[in-house]
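What the sequence shown shows, in full-length UniProt numbering, is residues 1 to 218, in sequence order.
Built from N, CA and C at the ideal position, the CB exists for glycine as well.
The next block holds one structure in the form of structure tokens; read it before the comments.
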Amino acid sequence: MPSASPTKSPSPPPPPPTALTPGPRATAFVDLYTRTIDATLKAISPSSFAACFPSIATNAPTQLAAMHQGMCERLRSFALSEFETILEERKVVERLNGLEDLIADAKRRKARGVDGGEGEGGEVIMPHTLPPKRLVSAHLDPLYRSQQSQLNAKLQTTQSQNASLIEVLQRQKAEIRELLEMAEKLVGDAGQAGERLAGVGEEVAREGRGAEEVLGSV
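Okay, here's the thing in structure tokens:
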């Protein structure tokens, strides 16, 4: 009798797709852009547009007004079309809807007290019931860790720079020691040369006195 094949555990269902229908934030974002475009085009008033074409404004004001209206409509259509393209390429609506879902989920979790954690026995602990020290630590510990990491990085950089400076100072110290030894040698050589010159001077003086005596006796 054939053995039954082992049943495979079902894989977790994929997350639900984010709706492409604009949510509150996406709708507000699109409305803001539309109002901004309308306000910008409204600033190009017919009078200011006519001031750029005084001859046409005098001879054909109706045609100029139609040209102004058509230009504004084409600019508005082009701006909105480009904006729609950017929204699709960047998936702005989908991401804003995802943000809506995250915020809604956070509100639901907060309402259920999930964010407060669980204590012994699985009971829910509300954040406002925690001791002040624990609340302060929860807020400040991430900042302290970040600052500690930055300080450690700066300390390592300073230690590396100090090691380089010590190496430079040691080289300079060795060079100074060599210069001092060379100077001492030169001083010794100069002393020996002075002693030799003193002996030669006395000999020359004796020879000079002898020459004077010889010349005096002649």
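Practice problem: Give the DSSP-derived three-state secondary structure of G191 in the structure shown. | Solution: For the purposes of this step, residue 191 is identified with residue 191 of the sequence shown, where counting begins at 1. Looking at G191 - three-state DSSP - the assignment turns out to be helix.
DSSP state of F53, grouped into three classes?
-> Position 53 of the sequence shown, counted from the start, is the residue given in the question as residue 53. Correct three-state label for F53: coil.
By a C-beta neighbour count over all protein chains shown, 10 Å radius and 16 as the cutoff for buried, is A26 buried or exposed?
-> On the sequence shown, position 26 is the one that residue 26 refers to. Buried is the call here.
Query raised in the report: Hey, would you say L20 sits closer than 8 Å to V92, going by beta carbons?
Result: Numbered from 1 along the sequence shown, position 20 holds the residue referred to as residue 20. Numbered from 1 along the sequence shown, position 92 holds the residue referred to as residue 92. Against a cut-off of 8 Å, the Cβ pair of V92 and L20 comes out as no contact.
For T129 and K110, the rounded distance between their alpha carbons
Walking along the sequence shown from the start, residue 110 turns up at place 110. Walking along the sequence shown from the start, residue 129 turns up at place 129. C-alpha separation (whole angstroms): 14 Å.
Less than 6 Å between C-beta atoms, sequence neighbours within five positions excluded: which residues of the same chain meet that for K133? Working through the sequence shown from its first residue, we reach residue 133 at position 133. Nothing meets the Cβ criterion.
- State the CB to CB distance for the pair L41 and L75, rounded to an integer number of angstroms; the pair is presumed to be in contact (CB under 8 Å). Along the sequence shown, one-based indexing puts residue 41 at 41. Along the sequence shown, one-based indexing puts residue 75 at 75. Contact flag correct, Cβ pair sits at about 6 Å.
Tell me the DSSP secondary structure of G23 in three-state form. Within the sequence shown, the letter at position 23 stands for residue 23. It is coil, neither helix nor strand.
Could you tell me the boundaries of the alpha helix (DSSP H) in which K110 lies? Counting from 1 along the sequence shown, the entry for residue 110 is found at position 110. 92-112 is the span of the alpha helix (DSSP H), which, as asked, contains K110.
Please report the distance separating the alpha-carbon of A174 from that of Q147.
Locating residue 174 in the sequence shown gives position 174, counting from the first residue. Locating residue 147 in the sequence shown gives position 147, counting from the first residue. Each residue's Cα considered, the two are about 40 Å apart.
(Q) DSSP three-state label for P46, please. (A) Here residue 46 corresponds to residue number 46 of the sequence shown, with the count starting at 1. If DSSP states are grouped into helix, strand and coil, P46 belongs with the helices.
task = Indicate whether F29 and L102 have their beta-carbon atoms separated by less than 8 Å.
result = Along the sequence shown, read from residue 1 onward, the residue named residue 29 stands at position 29. Along the sequence shown, read from residue 1 onward, the residue named residue 102 stands at position 102. No; because the gap between Cβ atoms is not below 8 Å, this pair is not in contact.
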